[in-house]
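So the sequence shown is numbered by the numbering used here: it starts at 2 and just counts up by one. By construction, the Cβ of each residue, glycine as well, lies at the ideal position given by its N, Cα and C atoms. Small disclaimer: the values here were computed from a predicted structure and weren't measured. Working notes for the structure below.
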Amino acid sequence: MLAWTPPQYLAVFMWIGIGGIMAAAAGPLVVGALWERATKKAALSSLLWVQLLTGLFIYRLVLTFPTHLEQPVSVY
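Here's what the structure looks like:
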């Protein structure tokens, strides 16, 4: 139903989200691109560590969420 009647400020909320993601990502990207001591080995290492930590985060908090809490409460 929400798709048929979108909220009035949906575009504003979308741009706020996009701006937040860009603000969080732009700093490390610019610093990483301009840092003179950055090496290929360090970039690959950080890529793999971030991938590992993100995978662990998704596994622990998203995939193992207690689904029994989503069931309706039994009246009987």
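Check	Outcome
Short Cβ contact (9 Å threshold) for A80 with G33	A query on residue 80 cannot be resolved here, the shown segment of the chain reaching from 2 to 77 and no further.
Cα-Cα separation between I19 and R38, rounded to whole angstroms	30 Å
Alpha helix (DSSP H) segments (min. 4 residues) lying fully within the segment 39-66	41-58
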